[in-house]
Amino acid sequence: MKKILTISMLMVVLVACNQNNSSTLPDDKAAKEMLQGVWVDEESGDVSFRVSGDTLYFADATSMPTYFRIYKDSLYLASGTSYSIVKHTEHLFWFNNQNGDLLKLQKSDDADDADIETAAPSVLTYTHQVKIDSVAAYNGNRYHWYIAINPTKYKVTKRTFNEDGLEVENVYYDNIMHISVFQGARQIYSSDFHKQQYQGLVPAEFLNDAILANMAFSHIDASGLHFNATLCIPDGATCYMVESTISYTGVLSMQLVEY
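FYI, in mature numbering (1 follows the signal peptide of the UniProt record, and there is no 0) the residues of the sequence shown are -18 to -1, 1 to 241.
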């Protein structure tokens, strides 16, 4: 039994070593030097990316730049994703993308292509505070509600594949929602909502990659005022909707209503 356990532990160590070594492989400086410049698709002429130093900048203004290295016949991105190089010369760079398709690039000599954006990428989110308010009536009483959508600097990243089949990382900023409810001058409820408050209602793995995308008034009834929070994976169709009910005594309750 001891022998089997020792062998198993050794295998784990060897796997761990191989994983660590994959991120510390030597870098082919000569190949990296040949990659400097702007690379365009041979057929369409569209810019794929620009290489400057150790960094690869994508033509898509929403994708984060990434560190890269070249080892033997493969291009490695910072995420650990690798692409098999088929041909690499001073003016040609052919490699197999994530789908196994052969991507044929050539170095651009167009001065306009050299202007590809190398600044911080655009972040896809609200850029300013959004305020919404209205009045809802029930049982002869009128209630004034307010919703404020506040952009934050809390980053949520999403890995996806661009048109060239290359893995890219897009950055989004999360939002904080604020709800206030008044009956006349009397404040019934006032509080901020963060996506972390939906733990237990939304799967943790989904919540980690999602943003609190929206908050909207739904309806009013005997239970109180109902608001729907939407949590979504950025730029995707997958969302969860959680209903927040504020009672007439200012008590909050939440339940999952849609996903």
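Just so you know, even glycine gets a beta-carbon here, dropped at the ideal spot from N, CA and C.
Out of GLU24, SER56, PHE143, LEU38, which one is the CA nearest neighbour of PRO8?
The residue among GLU24, SER56, PHE143, LEU38 with its C-alpha nearest the C-alpha of PRO8 is SER56.
With a threshold of 6 angstroms on Cβ separation, who are the neighbours of VAL59 within its own chain once the five nearest residues in sequence on each side are excluded?
Correcting the residue identity first, residue 59 is Leu in this sequence and not Val. Only residues of its own chain outside the window of five on either side were considered, and among them THR48, PHE50 have a CB closer than 6 angstroms to the CB of LEU59, listed in chain order.
Which partner residues does THR227 have in the DSSP bridge list?
Partner(s): HIS208, SER235.
On the three-state DSSP scale, how would you describe LYS86?
Correct three-state label for LYS86: strand.
Taking 6 angstroms as the limit between beta carbons, can you name the residues of its chain near CYS221, skipping five residues before and five after?
Excluding residues within five positions, the ones whose Cβ falls inside 6 angstroms are THR212, CYS214.
Distance between ASN144 and PRO103 (C-alpha atoms, nearest Å)
Its pLDDT being 49, under 50, PRO103 is placed unreliably in this model, and the coordinates cannot settle the point.
Which first and last residues belong to the alpha helix (DSSP H) in which ALA13 is found?
The continuous alpha helix (DSSP H) containing ALA13 extends over residues 11 to 16.
For VAL112, which residues of its own chain have a beta-carbon under 6 angstroms away from its beta-carbon, when the five flanking residues on both sides are left out?
Here the set comprises ILE131.
With a 10 Å radius around its C-beta and 16 neighbouring C-beta atoms as the bar for buried, classify LEU87 as buried or exposed.
Its Cβ being crowded by 16 or more others within 10 Å, LEU87 is buried.
Bounding residues of the alpha helix (DSSP H) (the contiguous stretch that carries GLU187):
Its alpha helix (DSSP H) spans residues 186 to 191.
Under a three-way DSSP split, which group does LYS113 fall into?
Note: LYS113 maps to strand in three-state DSSP.
What three-state label does DSSP hand LYS54 in the structure shown?
Residue state, collapsed to three classes: coil.
Can you grab the Cα-Cα spacing for the pair HIS70 / TYR136, in whole Å?
For HIS70 and TYR136, the distance between alpha carbons rounds to 40 angstroms.
State the beta-bridge partners of ASN78 as determined by DSSP.
The bridge partners DSSP lists for ASN78 are LEU84.
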